[in-house]
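Residues in the sequence shown are numbered consecutively from 0, following numbering that gives the first Met the number 0.
Positions of the beta carbon are idealized from the N, C-alpha and C atoms, including for glycine.
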Amino acid sequence: MARFISFEGIDGCGKSTLLEEAGRLLQERGVSYVTTREPGGTPLGERIRKMLLSPSAGHISLVTEVLLYAASRAQLLDEVILPALKRGDWVLSDRYLDATLAYQGYGRCLGVHTIRPVLQWATQGLLPHKTILVDCPVPLAISRIHSRSETLDRMEQENGAFHERVRQGYLELAAAEPGRFVLIDGSRPLEEVLKVLREVFSRWLETAFHSL
């Protein structure tokens, strides 16, 4: 049965590593799946990604930023997510609409209620079956970002207060939808975090998501 799983969290939380591990688990079980990312995931989406994340992009208004993320997501839905689900594949996505709610709604202080209608329209109301939220203290996340790259993108360059608003936004979103979100402590040693992920996915696979 096709399932759509998104991975969320602030930059540096470790979500991309968990997504890769989830892909390996599905491959071991012989489950057909696709992985993608936001913004990006399609030729058009990748061009939008460069516009949004390049430090040299110049001034991007807050409304334009939201609409560009929504445009990338709408294209991803049309080209990748919906066709994959129709085939019966699992979809593992590095971010989805919750990222815009957290980063623009909370981080940019635009308000979730203001931008949610735009995101629902762009995604045709499609939500992930489950969302893995990797939570991590901001100082640790920032330290990880700086250790992995000398060049930071537009979002990574934001100050600690911005990232703290994003983190708290994610936690509020998770609290509002406990049936969809699975919270994982990303501050723990990597092997412990991966163990938790394996347990979660093994449970989902064993029950074939009948309880969702």
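{"Check": "Rounded to whole angstroms, what is the Cα-Cα separation between I59 and A69?", "Outcome": "15 Å"}
{"Check": "As a quick exercise: from V62, F161, R202, pick the residue whose alpha carbon is nearest that of V181.", "Outcome": "R202"}
{"Check": "Could you tell me which of R187, A73, F200 sits nearest to L139, measuring between CA atoms?", "Outcome": "R187"}
{"Check": "Kindly list the residues whose CB is nearer than 8 Å to the CB of I144, restricted to its own chain and excluding five residues on each side of it in sequence; keep chain order.", "Outcome": "D10, G11, L151, E155"}
{"Check": "Indicate whether Y32 and L75 have their beta-carbon atoms separated by less than 8 Å.", "Outcome": "no"}
{"Check": "I need the straight-line Cα distance from G106 to A175, nearest angstrom please.", "Outcome": "18 Å"}
{"Check": "Flag this pair as yes or no: are the beta carbons of P127 and Y95 separated by less than 8 Å?", "Outcome": "yes"}
{"Check": "What does V33 pair with, by DSSP beta-bridge criteria?", "Outcome": "V90"}
{"Check": "From the DSSP output, in three-state form, read off I131 for me.", "Outcome": "strand"}
{"Check": "Give the range of the beta strand (DSSP E) segment to which E7 is assigned.", "Outcome": "3-7"}
{"Check": "Use the C-beta contact count for H112: other C-beta atoms within 10 angstroms, 16 or more gives buried, fewer gives exposed.", "Outcome": "exposed"}
{"Check": "In the DSSP assignment, what residue or residues form a beta bridge with D97?", "Outcome": "For D97, which the question treats as bridged, DSSP gives no partner whatsoever."}
{"Check": "DSSP three-state call for I183: helix, strand or coil?", "Outcome": "strand"}
{"Check": "Under a three-way DSSP split, which group does Q219 fall into?", "Outcome": "Only positions 0 to 211 of the chain appear in this structure, which leaves residue 219 out of reach."}
{"Check": "Look at the Cβ atom of A121, then the Cβ atom of R72, and state whether they are nearer than 8 Å.", "Outcome": "yes"}
{"Check": "Would you mind giving the Cβ-Cβ distance between V137 and G159, rounded to the nearest angstrom? I have them listed as a contact below 8 Å.", "Outcome": "5 Å"}
{"Check": "Grab the span of the alpha helix (DSSP H) containing Y68 for me, first residue to last.", "Outcome": "61-75"}
{"Check": "Assign Q103 to one of two classes, buried (16 or more other C-beta atoms within 10 Å of its C-beta) or exposed (fewer than that).", "Outcome": "buried"}
{"Check": "For A56, report the span of its alpha helix (DSSP H) as first-last.", "Outcome": "Counting along the chain, A56 falls outside any alpha helix (DSSP H), and DSSP gives it neither H nor E."}
{"Check": "Helix, strand or coil: how does DSSP classify R28 here?", "Outcome": "coil"}
{"Check": "Between the Cα of R166 and the Cα atoms of S55, G87, L100, which residue gives the shortest distance?", "Outcome": "L100"}
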